[in-house]
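Numbering (full-length UniProt numbering), first residue to last: 1 to 199. Glycine included, every Cβ here is placed at the ideal spot set by N, Cα and C. No experiment lies behind these values; they were computed from the predicted model shown.
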């Protein structure tokens, strides 16, 4: 029997209706620069509203950053099945509605179905949740997703690197999220300690 060919590296990126559409778009752009990872993109209707408002990008612009684009209504898509191998999924940004749907296993569209598949197959699911302040329902839903194996990753900027621009803050967060998937050498700068002479 001939050895089975290794499955290509694949990552699902979903953009939902919370502020911070730049995170999803920058993830796609970074994956394109890194190479070697096939990106599968999903965008909710509210996600499109935020892309247009916050970034003033067209559908064609955003679609061009991804390798494969799926409709959120296409529950028969490849990524709706666990037999379609991926390295995992990032929802960036993740609205509280999407968080609740994932926490309760609703699978009511392709975004939440793909998230459900990611969890059931024990693959990495990262939710870049965006809302403040959190109410008790938000916190309980985050706990539920964490207990199922998901990673809650609010896109909070790190100031110890002394970022000078919003782009630097976004890039640092995106690098830290992608490093969770071990797609290659780490891309986020490692903390060297306060007493490092190079600081």
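>> Can you tell me whether residue 96 is helix, strand or coil according to DSSP?
In response: Locating residue 96 in the chain shown gives position 96, where the first residue counts as 1. Helix at residue 96.
>> Output needed for residue 19: all residues of its chain with C-beta closer than 8 Å, excluding positions within five of it in sequence on either side, in chain order.
In response: Here residue 19 corresponds to residue number 19 of the chain shown, with the count starting at 1. Residues of the same chain with a CB within less than 8 Å of the CB of residue 19, apart from the 5 flanking positions on each side, are 50, 54, 93, 130 in chain order.
> With 16 other CB atoms within 10 Å as the buried threshold, where does residue 104 fall?
Replying inline: Locating residue 104 in the chain shown gives position 104, counting from the first residue. Sixteen is the threshold: since fewer than 16 other Cβ atoms of the shown chains lie within 10 Å of the Cβ of residue 104, the residue is exposed.
>> My assumption, with CB atoms under 8 Å, is that residue 86 sits in contact with residue 26. Please give the rounded CB distance.
In response: Within the chain shown, the letter at position 86 stands for residue 86. Within the chain shown, the letter at position 26 stands for residue 26. For residue 86 against residue 26, the beta-carbon gap comes to about 20 Å, at or over 8 Å, which does not count as contact.
> Alpha carbon to alpha carbon, what distance is there between residue 95 and residue 137?
Replying inline: Mapped onto the chain shown, residue 137 falls at position 137. Mapped onto the chain shown, residue 95 falls at position 95. Going from the Cα of residue 137 to the Cα of residue 95 covers about 13 Å.
> If you compare alpha carbons, which of 90, 117, 177 is closest to residue 39?
Replying inline: If you number the chain shown from 1, residue 39 lands on position 39. Measuring from the Cα of residue 39, the nearest candidate turns out to be 90.
>> Quick check on the burial criterion: 16 or more other C-beta atoms within 10 angstroms. Buried or exposed for residue 160?
In response: Walking along the chain shown from the start, residue 160 turns up at place 160. Its Cβ having fewer than 16 others within 10 Å, residue 160 is exposed.
> Applying the criterion that 16 or more other CB atoms from any shown protein chain within 10 Å of the CB defines a buried residue, is residue 101 buried or exposed?
Replying inline: Here residue 101 corresponds to residue number 101 of the chain shown, with the count starting at 1. With 16 or more other Cβ atoms within 10 Å, it is buried.
> Excluding five sequence neighbours on each side, which residues of the same chain lie with their C-beta closer than 6 Å to the C-beta of residue 46?
Replying inline: Translated into the one-based positions of the chain shown, residue 46 becomes position 46. Residues of the same chain with a CB within less than 6 Å of the CB of residue 46, apart from the 5 flanking positions on each side, are 17 in chain order.
> DSSP beta-bridge partners for residue 13?
Replying inline: For the purposes of this step, residue 13 is identified with residue 13 of the chain shown, where counting begins at 1. According to DSSP, which records beta bridges pairwise, residue 13 is partnered with 41, 90.
>> Below 8 Å on the Cβ atoms is my contact criterion, and I expect residue 127 with residue 99 to pass it. Report the Cβ-Cβ distance as a whole number of Å.
In response: Within the chain shown, numbered from 1, the residue matching residue 127 stands at position 127. Within the chain shown, numbered from 1, the residue matching residue 99 stands at position 99. Between residue 127 and residue 99 a beta carbon distance of about 6 Å is seen, short of the 8 Å cut, so the two are scored as contacting.
>> According to DSSP, is residue 145 part of a helix, a strand, or is it coil?
In response: Start at 1 with the first residue of the chain shown, and residue 145 comes out as number 145. Residue 145: helix per DSSP, three-state reduction.
> Which residue from 67, 9, 116 puts its Cα closest to that of residue 80?
Replying inline: The sequence position of residue 80 within the chain shown is 80, counting from 1. Closest by C-alpha distance to residue 80, out of 67, 9, 116, is 116.
>> So, under 8 Å CB-CB, residue 82 and residue 120 are touching, yes? Tell me the CB distance rounded to an integer number of Å.
In response: Against the chain shown, residue 82 aligns to sequence position 82. Against the chain shown, residue 120 aligns to sequence position 120. That belief holds up - the Cβ atoms of residue 82 and residue 120 are roughly 6 Å apart, short of 8 Å.
>> Less than 9 Å between the beta carbons of residue 107 and residue 75, yes or no?
In response: Your numbering for residue 107 matches position 107 in the chain shown. Your numbering for residue 75 matches position 75 in the chain shown. In contact: residue 107 and residue 75 (Cβ atoms closer than 9 Å).
>> Taking DSSP's pairing of strands, which residues face residue 68 in a bridge?
In response: Start at 1 with the first residue of the chain shown, and residue 68 comes out as number 68. DSSP output for residue 68 lists 40 as bridge partner(s).
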